[in-house]
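Trainee:
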Ligand SMILES: [Zn+2]
């Protein structure tokens, strides 16, 4: 593998050498050597397993393949036909060679037929629009970097006495980039090739860094527009914006680019505190809803308490937000396991994101598997998202918390497959993510 260094605290440099950093004790757990689960990805037996994979390619301009991947075949087959291919070859070949090799020539191919799975959209990533047919597995809510020193560094009760106050963005980006590359390569080993990054500007987004990580790993990354909440790092230049000014700012980030680049954000991140929205939060929410209405982009809101989520949702509803473009992030993180609490919103089209899936996560794996069963019974399985909500490199280091970005694939997916089957696992861990974060249909 290119970009693999022997030491877990090293990363591959453009110069072709491995660089090494000294990590704080809080960060180290993320970078312990792990046995790469190649067997899981490629199958353990000598006989390759056959998988059924429908052709999803649609004729449309724009979407690019993942970095380092050849574009998949652009034609789509007749509706209802599923292409059965060799799993090992599927995972190791480039798309064009794969489809050409797997086709026998005995099927009639049509230039006009619609994609079999209805994925007639793109995902806006930091390297450009992505055809969802390229996505194998996805993580719906992670943070490759988080900077929590934006507005009030003293809020960190764990900031050691006498330690210099951190300054937002004043850190060694080589270290952050290296840490992110290592972490992304670890989940790539499980087949993940799409990650949604949930840090908007004000809490650490660096679009150039995300693009660099994507280019170095070949894993697609979606960046966040939007803002965290009032008490947590609203960038000074946006602090006095009214809702319409914020809406225009978010639309610019979604349609033109972020941070003075042409790197577009792919969705809008918001946040509500446990006690509900503060007055300025409402200004931000209304701006976000207007931006979503204008672009069709998705809003994902950090909301740990159901009542806080409900209060925030009411404001967005007042702006006529399309709830099918709305995600409740951190659902169940307060310990709620009452399905009816989630059903109230899933019934209205909202995606329910259980993104605390990690060691000693909330809800527990067992509780979440039960909840998923209830969603499936209610025919709402297509509204579930799963992720770990890891922050790979936090600033200041005292803000680092323990969460394992590998957990959803290393530990949860096998349980999910055993309990609810492989089709459900694929729907939740792949199909739902690409649907939830598809680019707004009013963005060209
Ligand atoms: Zn998060």
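Residue numbers (the working numbering): 3 to 446.
We treat Cβ as the ideally placed atom computed from N, Cα and C, and that holds for glycine.
Is the CB-CB distance between residue 148 and residue 206 below 7 Å?
Mentor: A contact, by the Cβ cut-off of 7 Å.
Trainee: Three-state secondary structure (DSSP) at residue 146?
Mentor: If DSSP states are grouped into helix, strand and coil, residue 146 belongs with the strands.
Trainee: Per DSSP, which one or two residues make a beta bridge with residue 200?
Mentor: For residue 200, which the question treats as bridged, DSSP gives no partner whatsoever.
Trainee: Three or more beta-carbon pairs under 8 Å between the stretch 364-383 and the stretch 119-132, yes or no?
Mentor: No: the two stretches stay apart, fewer than three of their Cβ pairs being nearer than 8 Å.
Trainee: Please classify residue 274: does DSSP put it in a helix, a strand, or coil?
Mentor: Looking at residue 274 - three-state DSSP - the assignment turns out to be strand.
Trainee: State the start and end residues of the unbroken alpha helix (DSSP H) segment that holds residue 328.
Mentor: First-last for residue 328: 328-331, but that is the beta strand (DSSP E), not the alpha helix (DSSP H).
Trainee: DSSP state of residue 251, grouped into three classes?
Mentor: Correct three-state label for residue 251: helix.
Trainee: Using a Cβ-based criterion (distance less than 6 Å to any ligand heavy atom), does residue 391 qualify as near ligand 1?
Mentor: Yes, since a heavy atom of ligand 1 falls inside the 6 Å radius drawn around the Cβ of residue 391.
Trainee: So, helix, strand or coil for residue 131, using DSSP?
Mentor: DSSP places residue 131 in strand when its eight states are reduced to three.
Trainee: Checking 7 Å against the spacing of the C-beta atoms, do residue 209 and residue 129 come in under that value?
Mentor: Contact: no.
Trainee: Considering only C-alpha positions, which residue in the set 441, 400 and 425 is nearest to residue 165?
Mentor: With distances taken between Cα atoms, residue 165 lies closest to 400.
Trainee: Closer than 6 Å to a non-hydrogen atom of ligand 1 - does that hold for the CB of residue 403?
Mentor: Incorrect: residue 403 has no Cβ contact closer than 6 Å to ligand 1.
Trainee: Could you give the C-beta distance for residue 306 and residue 332, rounded to a whole number, given that I count them as a contact under 8 Å?
Mentor: Contact holds; Cβ gap of about 5 Å.
Trainee: Would residue 356 and residue 388 qualify as a contact pair, given that the criterion is a beta-carbon distance under 7 Å?
Mentor: Yes, Cβ-Cβ distance for residue 356 and residue 388 is below 7 Å.
Trainee: Examine ligand 1 and report whether any of its heavy atoms sits within less than 6 Å of the Cβ of residue 192.
Mentor: It does not: the Cβ of residue 192 is nowhere closer than 6 Å to a heavy atom of ligand 1.
Trainee: Any contact of the stretch 389-399 with the stretch 340-353, i.e. 3+ C-beta pairs under 8 Å?
Mentor: Touching, no, given that fewer than three Cβ pairs across the two stretches are closer than 8 Å.
Trainee: So which of 303, 337 and 298 has the shortest CA-CA distance to residue 322?
Mentor: Here the closest residue by C-alpha is 298.
Trainee: Please report the distance separating the alpha-carbon of residue 339 from that of residue 365.
Mentor: C-alpha separation (whole angstroms): 7 Å.
Trainee: Within 10 angstroms of the Cβ of residue 143, are there 16 or more other Cβ atoms? Answer buried if so, exposed if not.
Mentor: Buried.
Trainee: How about residue 200: is its Cβ closer than 6 Å to a heavy atom in ligand 1?
Mentor: Residue 200 Cβ: within cutoff of ligand 1.
Trainee: Looking at C-beta atoms only, is the number of pairs between the stretch 422-429 and the stretch 183-196 that lie closer than 8 Å three or more?
Mentor: The stretch 422-429 vs the stretch 183-196: no contact.
Trainee: For residue 356, report the span of its beta strand (DSSP E) as first-last.
Mentor: Residues 353-356.
Trainee: Do residue 241 and residue 278 have their C-beta atoms closer together than 7 Å?
Mentor: It is not a contact, given that the beta carbons lie outside the stated cut-off.
Trainee: Can you tell me the Cα-Cα spacing of residue 174 and residue 214, whole angstroms?
Mentor: Computed Cα separation, rounded: 15 Å.
Trainee: Between the alpha carbons of residue 317 and residue 170, how many angstroms are there, rounded?
Mentor: Cα to Cα, residue 317 sits roughly 30 Å from residue 170.
Trainee: Quick check for students: name the residue ranges of the beta strand (DSSP E) that lie wholly in the stretch 347-388, counting only runs of 3 or more.
Mentor: Within the stretch 347-388, the complete beta strand (DSSP E) runs of at least 3 residues are 353-356 and 386-388.
Trainee: Mind checking which residues open and close the alpha helix (DSSP H) that includes residue 430?
Mentor: From DSSP, residue 430 is part of no alpha helix (DSSP H); its letter is neither H nor E.
Trainee: Could you pull the DSSP bridge partners for residue 126 from this structure?
Mentor: Answer by DSSP bridge pairing, in chain order: 131.
Trainee: Just to check, is the beta-carbon of residue 442 closer than 6 Å to a non-hydrogen atom of ligand 2?
Mentor: Absent from the structure shown: ligand 2. Ligands present: ligand 1.
Trainee: Whose C-alpha, out of 263, 286, 266 and 268, is nearest the C-alpha of residue 274?
Mentor: The option with the nearest alpha carbon to residue 274 is 286.
Trainee: With the cut-off set at 7 Å, would you say residue 454 and residue 257 are in Cβ contact?
Mentor: Residue numbering for the chain in the displayed model covers 3 to 446; residue 454 lies beyond these limits and cannot be assessed.
Trainee: Just the Cα atoms here: how many angstroms apart are residue 223 and residue 290?
Mentor: The straight-line gap from Cα to Cα measures roughly 21 Å.
Trainee: On the premise that residue 141 lies in contact with residue 410, defined as a C-beta separation below 8 Å, what is that separation, rounded to the nearest angstrom?
Mentor: Right, their Cβ atoms sit about 7 Å apart.
Trainee: Check residue 173 in the structure and name its three-state DSSP category.
Mentor: Note: residue 173 maps to coil in three-state DSSP.
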